[in-house]
Amino acid sequence: MSKRLKLLFDDIEKMFPESKDNGFFKAMNIYSKSYEEYLNFNEFKVYHYTDINALIHIVHEQGLWLSNLKYLNDKDEILNGAKIAIDLIHKLLNKTKYIKDKSKIILEKVLLLLNEKNTKDYYICSFSLKADDLEQWRAYGKNGSGVCIEFDKKNKNYTLFNIGNFLIWHKVIYDDNKKYRFIHSIIFRYLYYAKGSFINEKFTIDDYAEVLYRKITYSFVYFKHRAFESENEIRLVYEPRDVEELKKDFAKLHFRESKNMIVPFIKTNEHKLKSASANEYEDKQLLPVSKIIVGPTANGKVTVDSIRELLKFHQYQNVTVEESIVPFR
């Protein structure tokens, strides 16, 4: 992303007037509430299902792996999101009463970008709001022989989960109608605030279209087919604006094999963020793990004891380790 685009991106983010009395703003505010309701969640406990080997890496490295979404099974949802956005913009362009002049040109250019451009890179780690869940064990817990790791997001001792706009937590949206309304809210908000900066000649119409395109495509990260709604998924997302930002934020990019593909990923423990005092954040911060549930087909007490040994060696305290109570066939 060019410096000019970064400046426009930041300017639009700051353009939030405290109050307006006109009906357009009130309507926009309704969409804003929907926007927040779709993604935000109040629960502090989230659950990551994985295998024993991954647990060892997580505890030893004191970090999580965030994989490039383009190379995961969920890549089809990016295409699904693009189709919904294209359909919605076509409908909006037909409403000439509200979409006209520069707003109309911006949407037309966004359409071209959605049809032409490749999706950018997003790195995600998936969690669920469901603990010790049969479907999760089957799909992500190595058919019941893995573990379910409970993370406590309200634990303020782990800095990385509490830095705004670096790693973002959001709910996954499954319902297509909500996806339409969600993208609509993004467009509605953006065009309203962008109107206030149209007089700024340092930004072109192409700049405005590019930024809106990026905002729309970012929402695709949280879209998933309704068939998976029972997973109740939460995603932790890192969105670099470009390769240079990724290099600035993380020590290196890693690669692993999965389903005959090479998947790029980053490790949260390798971030290069600075604290307010300009010092590196403490590398030895323990992850906010509060409980580990051993899968229903694992080796029971032996596995529980071995995990306790692992946690003890890495100085984790007050972490409950227990066996699953789910019947598994």
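First residue of the sequence shown: 741, per my numbering; consecutive thereafter.
Virtual Cβ for every residue (Gly too), placed ideally from N, Cα, C.
Quantities reported herein were computed from a predicted structural model and do not represent experimental measurements.
- For LEU812, there is no enclosing alpha helix (DSSP H), as DSSP marks it with neither H nor E.
- Here PHE960 has ILE818, GLY821 as same chain residues with Cβ atoms under 6 Å from its own Cβ, once five neighbours each way along the sequence are excluded.
- Contact annotation: the stretch 866-881 touches the stretch 970-977, with at least three C-beta pairs closer than 8 Å.
- An exposed status is given to THR944, since fewer than 16 other beta-carbon atoms sit within 10 Å of its beta-carbon.
- HIS1011 and LYS835 have their C-alpha atoms spaced approximately 46 Å apart.
- The Cβ atoms of SER885 and ALA1038 sit closer than 8 Å to each other.
- Contact between VAL1034 and GLU1063 holds, since their C-beta atoms are separated by about 5 Å, short of 8 Å.
- Of the other Cβ atoms in all chains shown, fewer than 16 fall within 10 Å of the Cβ of SER998; this residue is therefore exposed.
- Excluding its 5 nearest sequence neighbours in each direction, SER807 has C-beta neighbours in its own chain below 6 Å: VAL1003, PHE1005, listed in chain order.
- Taken in chain order, the whole beta strand (DSSP E) runs of length 3 or more contained in the stretch 875-963 are 887-892, 908-911.
- Following the DSSP letters along the chain, one finds ASN793 in no beta strand (DSSP E) but inside the alpha helix (DSSP H) bounded by residues 792-801.
- Around the beta-carbon of LEU907, 16 or more other beta-carbon atoms lie within 10 Å, marking it buried.
- The C-alpha of ILE926 lies about 42 Å from the C-alpha of ASN1058.
- ASN808 sits in a strand when the DSSP states are folded into three classes.
- Below 8 Å, enough C-beta pairs join the stretch 893-903 and the stretch 783-796 to call them touching: three or more.
- Around the beta carbon of THR957, 16 or more other beta carbons lie within 10 angstroms, which makes this residue buried.
- Between the C-alpha atoms of HIS924 and LYS964 there is a straight-line separation of about 17 Å.
- If you draw a 10 Å sphere on the C-beta of THR1060, you find fewer than 16 other C-beta atoms in it, and that means exposed.
- Note: ILE845 is not bridge-paired with any residue in the DSSP secondary-structure output.
- Taking all protein chains shown into account, LEU847 has 16 or more neighbouring C-beta atoms within 10 Å of its C-beta and is therefore buried.
- The continuous alpha helix (DSSP H) containing SER1046 extends over residues 1040-1053.
- For LYS988, the enclosing alpha helix (DSSP H) starts and ends at 983-989.
- The C-alpha of PHE901 is placed about 21 Å away from the C-alpha of HIS994.
- Relative to the Cα of ASP916, the nearest Cα in the group ALA825, LYS1031, LEU1027, LYS849 belongs to ALA825.
- Each of LEU1051, TYR789, LYS844 was checked against the Cα of PHE928, and the nearest Cα belongs to LYS844.
- For VAL1034, the enclosing beta strand (DSSP E) begins and ends at 1029-1034.
- The bridge partners DSSP lists for HIS1011 are PHE990.
- Where LEU976 is concerned, the enclosing beta strand (DSSP E) starts and stops at 973-978.
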